[in-house]
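Quick note, the numbering used here runs 886 ahead of the 1-based positions in the sequence shown.
Think of the CB as a built atom: it goes at the ideal place given N, C-alpha and C, for glycine as much as any other residue.
Just so you know, these numbers come straight off a predicted model, no measurement behind them.
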Amino acid sequence: MDKTVESADSAVRDIPPGARLAIGGFGICGIPSDLIEALGRQGATDLEVVSNNCGLDAVGLGILLSAGRIRRMIGSYVGENKELARRYLSGEIEIELTPQGTLAERLRAGGSGIPAFYTLAGVGTQVAEGGLPWRYAVDGSVAVKSPEKEVRAFGDCEYVLEEGIVSDYALVRAAKGDRHGNLVYHRAARNFNPLAAMSGRITIAEVEELVEPGEIDPDNVDTPGIFVRRVVLARPAEKLIERRTVSPGPVKDSL
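Here it is in structure tokens:
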């Protein structure tokens, strides 16, 4: 039952070229940075990544992107990553843009054994009708377009059919985990991490604090250990801030 491994490098050693990876986190909040860096050292290529976005230019998934390791991405947001935008527009990477809530539910559905579901999001748009550019050609034309999806009426509303996502591996980060793989996330890191963890055939978790089984109150477990195959203790590191926003200081009385 002890699922701990000695290092992030050992944890990702068997991820093969061409694997589909579900990566937890949002922006650079809650991302499994140690596991991503280890995968960069490991060298797997031709990867398909499922994640809300692709980090920053040289942070998180941006490391794999800049090294040309990502072939395809399913996500919601190009974001602050100029390299992702450049590679997408130049035809170097395929991107399946998906509404954020739909992406979350596709991961949850895949982890729950639900092959597909109907949703309101995207009805009447190219999400349902097809034609979204997935990959551009070198000359700027659209080389691959999204397909048309099934739309069905329930009551007075139409819904589009979306497929669940099952990934070969899932990489997540938790604030606390035990040796059985039970995980607890801290605040905003409880974003895509629980959903990514569910979707992986093999889920690998890096944890900021490793405790013994029984030390986590069952009521506080966000991801049960049944979903997790490997656990590694994260290295102490400063947490980066993607966009720092501060409120103005108090206005001084000029009199």
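Quick test of your reading: Ser-1085 and Gly-996, contact by CB under 8 Å. State the CB separation rounded to the nearest angstrom. 4 Å
Just curious, the beta strand (DSSP E) that Lys-1062 is in, first and last residue? Here the beta strand (DSSP E) through Lys-1062 covers 1053-1064.
Since Ala-1083 is in the alpha helix (DSSP H), which residue starts that stretch and which ends it? Per DSSP, Ala-1083 belongs to the alpha helix (DSSP H) from 1079-1085.
Looking only at DSSP bridge pairs, what is Pro-882 linked to? The structure shown has nothing for residue 882, since the chain only spans 887 to 1141.
Measuring only the C-alpha atoms, how far is Leu-1018 from Val-898? 33 Å
C-beta atoms of Val-1037 and Lys-889 nearer than 8 Å: no
Endpoints, the alpha helix (DSSP H) within which Leu-975 is located: Going by DSSP, Leu-975 is part of the alpha helix (DSSP H) stretching over 968-975.
Counting only runs of 4+ residues fully inside the region 928-959, write out the alpha helix (DSSP H) ranges in chain order. 947-952
Under the rule that 16 or more other beta-carbon atoms within 10 Å means buried, what is Phe-1040, buried or exposed? Label assigned to Phe-1040: exposed.
Pull up the distance between the alpha-carbon of Asp-1025 and that of Val-936, whole angstroms please. 27 Å
Would the beta-carbon of Ala-908 fall within 8 Å of that of Leu-993? Yes, the pair counts as a contact, with Cβ atoms nearer than the cut-off.
Anyone know if the C-beta pair for Glu-1095 and Lys-1062 falls short of 8 Å? yes
Enumerate in chain order the residues of its own chain whose CB-to-CB distance from Gly-987 is below 7 Å, with the five nearest sequence positions on each side excluded. Ala-1007
Go ahead and label Cys-940 buried or exposed: buried means 16 or more other beta carbons lie within 10 angstroms of its beta carbon, across all protein chains shown. buried
Can you list, in chain order, the residues of its chain with a C-beta nearer than 7 Å to that of Glu-1034? Leave out the 5 residues immediately preceding and following it. Glu-1015 and Gly-1016
What does the Cβ neighbour count give for Cys-915, buried or exposed, with the cut at 16 atoms within 10 Å? By the neighbour-count rule (16 or more Cβ atoms within 10 Å), Cys-915 is buried.
Reducing DSSP to helix, strand and coil, say where Arg-1021 ends up. strand
Taking the straight line between their C-alpha atoms, what separation do you get for Pro-1122 and Leu-921? For Pro-1122 and Leu-921, the distance between alpha carbons rounds to 14 Å.
Per DSSP, what kind of secondary structure is Thr-988 in: helix, strand or coil? helix
Beta-carbon spacing of Ser-1027, Glu-982 below 8 Å: no
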